[in-house]
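Here is the structure we will look at.
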């Protein structure tokens, strides 16, 4: 009381500052909560529109146009989420996974799709952009690896696919150096090695084909040893 009495102005300023700091923390917490709820709502809407409805329509003949409209609408919601600066790696992981799923529906290689290869490539590149370089989790890194494999699989010229296959293998090797028992990464890098070996076969690069085929066998054996049910 004596101190406050002697330093009324300074004490008043300190009190105001404390109140403002508390208010700022409260507002920040509230905004974060609102952002989380908004993300959850948009995520559910995009999932329901892009995946659930698409899966239901895919079993019905003559619904291609409707499926395209559903996917386009889901992409709009995902793009709105992507424009936000997502600092939470878990949210970025979910968004990247959603772009990967949309890409496979649009024009994923070796599976039934809507025939939109250009749209698929764009979605896969968006997944890589979401991953970014900061605060990456193993799940985010796997998403980037998968996106590079999907991009390589859609290359019209086998030589053009090499860069993405090699990037997928490089990134997977780095992750496996940290966790050699990461089954999901082993499966992905086996797929990348298979694609790389196929390019070697098509372009008559026998040494490359043999080296990558051997690596694929190694990766698949390690994955099977860790997850025999696969």
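In the numbering used here, the protein residues as written are 1 to 230. Positions of the beta carbon are idealized from the N, C-alpha and C atoms, including for glycine.
What is the DSSP secondary structure of residue i, counted as helix, strand or coil?
| i | result |
| --- | --- |
| residue 231 | Residue 231 cannot be examined here, being either before or after the span of the chain that is shown, 1 to 230. |
| residue 82 | helix |
| residue 228 | coil |
| residue 102 | helix |
| residue 205 | coil |
| residue 212 | helix |
| residue 88 | coil |
| residue 134 | coil |
Give a yes or no on whether the C-beta atoms belonging to residue i and residue j are separated by under 7 Å.
| i | j | result |
| --- | --- | --- |
| residue 127 | residue 99 | yes |
| residue 193 | residue 222 | no |
| residue 226 | residue 189 | no |
| residue 96 | residue 134 | no |
Where residue i and residue j are concerned, what is the direct C-alpha to C-alpha distance, given to the nearest angstrom?
| i | j | result |
| --- | --- | --- |
| residue 117 | residue 22 | 51 Å |
| residue 146 | residue 103 | 11 Å |
| residue 167 | residue 148 | 7 Å |
| residue 173 | residue 61 | 43 Å |
| residue 219 | residue 211 | 13 Å |
| residue 131 | residue 63 | 33 Å |
| residue 171 | residue 141 | 8 Å |
| residue 151 | residue 121 | 6 Å |
| residue 162 | residue 71 | 29 Å |
| residue 191 | residue 200 | 14 Å |
| residue 66 | residue 115 | 14 Å |
| residue 180 | residue 224 | 13 Å |
Beta-carbon of residue i versus every beta-carbon of chain B: anything under 7 Å?
| i | result |
| --- | --- |
| residue 170 | Reference to chain B is not applicable here, since this structure consists of a single protein chain. |
Open item on the list: I want to know whether the segment 108 to 122 touches the segment 83 to 92 - three or more CB-CB distances under 8 Å.
Closed with: no
Open item on the list: Extract the residue ranges of the alpha helix (DSSP H) inside the segment 145 to 189, only unbroken runs of 4 or more that lie entirely within it.
Closed with: 158 to 178
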